[in-house]
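These notes are about the structure you will find just below.
Residue numbers (this note's numbering), protein chains in the order written: chain A, 931 to 1103; chain B, 477 to 780.
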C-alpha cells in the first residue's frame, strides 16, 4: 500500500530542493574566513571557565600542597591570559557559555561548597581537573584548526602531565 | 397549484437540498477530520558517551554523560557526512540522524531506556499544511541545562514534565514512583527556523517556538519545520531520591538533534503525515486511516 504525492507533494519536494540548494551555499561555520573551526572555539570557551573556576579551590589546599597550588595558580593565570587573547582574536563574546554547567573537571559552585565543608576531596578534584584539561587539550590538538590555539593546547597537554605527576608526589602520604 | 402550495413546495425543496448539502458536508468532514499531523521515529539507545558533537565538536570527553539514540556512529567528531555513512537502529533506516540527552542516573548507575523510544515529528503551527522538511545538516539544542525549576515549568517546550503512574506535571523528579511504572518525560522542540543558519553560537537561536496564542512562526524565524517531541521512558521506580540527570536536577532536561535524514524520505513523511493531517507510524502509515496508504514501502524505505 503506497501513495505517492500528487502534484502538491511534488511541488513541496521542489520547494524543499530549492531550500536545500540555498542552504548548501551557506556555511554552518560562524565566520567562513576565520582560521578558527568549531573545535577551536568550543575549546577556548570551555578552557576559560575550566581554569578560572579552579582558582578559588586552590585557596583551600592543605599546607602540604601549598607550593604545588601556588605554581598551579601561576600557570593557570598565565594560560588564562593566552586563552582570553585567543578568544578576542576569534571574535568570541566574553560571556561564559558554561555558567552553572556540571561537567567533568569543571569546579562548580556546588563542588566548591562541598570542598569548603570537607577539603579532603581536594586532591581528587585537582587530579580530575588536570586529567580532564589534558584530555580536552589533546582533542584540540587533534581536531582544532587555528595554529596558535593548537600550540597552546600542546603546551597545556605537556604541562598537565607534569602537574599530575607533581600532584602525585605532593599528595602522597 | 396555489401560491401557498407552491411556496410550501419551494420551501420543502430548499429544505431537502439543504439537508442533502448538510449530509454531504458532514460526511466530507467526517472523512477528513484531522486530529493529528505527525509521524514517529522509533529509535533505541546506542551508547553513553561524555561527548557532544554540537556543543563540543572534536573534543571527546568534554561533556557530561549523554545517552545516544539512533545513529550508531555518533561521537564527538560526528559530522553530517560521517552520520550519513553510519548505521542506525531507528525503525526507518534512512533516518541517520543523531539524537541524545543527558544520561539519567539512579545513584551511580545509568538507567537507559529499554525499548525503542518515540520521537515525534509533528506540526508546531496551526497551518500544518505549511510545515516544510528540515534543511540538510541542521542541528540544534532543545531546552536548557541551566533552567531553573520555574523556567522548566513555563518553557514553551514543556508538556507535562516528569510522569510516572498517575503522577504528572512534576517539574523535578517525583520522590516515588509505583513499582512497575516507568519514569516518562515529553518535551517539545522549537519548530520555526530562521531560514539561513544550520547552527548558531548558542546552538539554539537559529530556531524559535511559534507564537503561543496564534501558533504562527515569528517573522524572525519564518520557516516552519517539523516540531520534534521527545517522549522518553526510563525503567526506574520505587524510591526516586537518588535519580538525577548527568546535567543535574530533573529541570535541567534538554536534548540535541543533528539532522542526517535522507532528504526525499523525510520529505515524503512530512508531506504525507504532517501536511496530510495523519497520525503515522515510522512507515508513514495511519492505522486509523488505512485508505490513505503509507509514505514508505514495507521495508520502511522509499521505493527506489
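For every residue, glycine included, the Cβ atom is placed at its ideal position computed from N, Cα and C.
Closer than 8 Å to the CB of residue 972 (chain A) there is at least one CB belonging to chain B.
Comparing alpha carbon positions, the residue from B:545, B:721, B:559, B:511 closest to residue 521 (chain B) is B:545.
Residue pairing by DSSP places residue 662 (chain B) opposite B:707 in a beta bridge.
Contacts between residue 1032 (chain A) and chain B, judged by CB atoms closer than 7 Å, involve 540, 723, 724 in chain order. Residue 528 (chain B) is not a Cβ neighbour of residue 513 (chain B), given a cutoff of 8 Å.
Between residue 651 (chain B) and residue 708 (chain B) the beta-carbon gap is near 20 Å, outside 8 Å, which marks them as no contact. Counting only the Cα atoms, residue 533 (chain B) lies some 9 Å from residue 967 (chain A).
Between the alpha carbons of residue 535 (chain B) and residue 613 (chain B) lies a distance of about 20 Å. In terms of CA proximity to residue 772 (chain B), B:749 leads the group B:749, B:753, B:765, B:764.
Within the model, the alpha-carbon separation for residue 681 (chain B) versus residue 778 (chain B) is close to 33 Å. When A:1017, A:1000, A:965 are compared, the shortest CA-CA separation from residue 978 (chain A) is found for A:1017. The Cβ of residue 537 (chain B) sits closer than 8 Å to at least one Cβ of chain A. Between residue 684 (chain B) and residue 733 (chain B), the alpha-carbon positions lie close to 15 Å from each other. Chain B places a beta carbon closer than 8 Å to that of residue 1070 (chain A), counting this residue as a contact.
For residue 1041 (chain A), the enclosing alpha helix (DSSP H) covers residues 1039-1047. With its beta carbon less than 8 Å from one in chain B, residue 1074 (chain A) belongs to the interface. A residue is called buried once 16 or more other Cβ atoms fall within 10 Å of its Cβ, and residue 590 (chain B), having fewer, is exposed. Rounded to the nearest whole angstrom, the C-alpha separation of residue 637 (chain B) and residue 988 (chain A) is 39 Å. Per DSSP, reduced to three states, the secondary structure at residue 718 (chain B) is coil, with no helix or strand assignment.
In terms of Cβ geometry, residue 618 (chain B) and residue 663 (chain B) form a close pair [threshold 8 Å]. When B:677, B:676, B:669 are compared, the shortest CA-CA separation from residue 686 (chain B) is found for B:669. In this structure, the CA atom of residue 519 (chain B) is about 10 Å from the CA atom of residue 573 (chain B). Residue 666 (chain B) and residue 648 (chain B) have their C-alpha atoms some 22 Å from each other. Identification of chain A residues near residue 621 (chain B) by a Cβ-Cβ cut-off of 9 Å yields 1030, 1031, 1032, ordered along the chain. Between residue 721 (chain B) and residue 580 (chain B) the beta-carbon gap is near 6 Å, inside 8 Å, which marks them as a contact.
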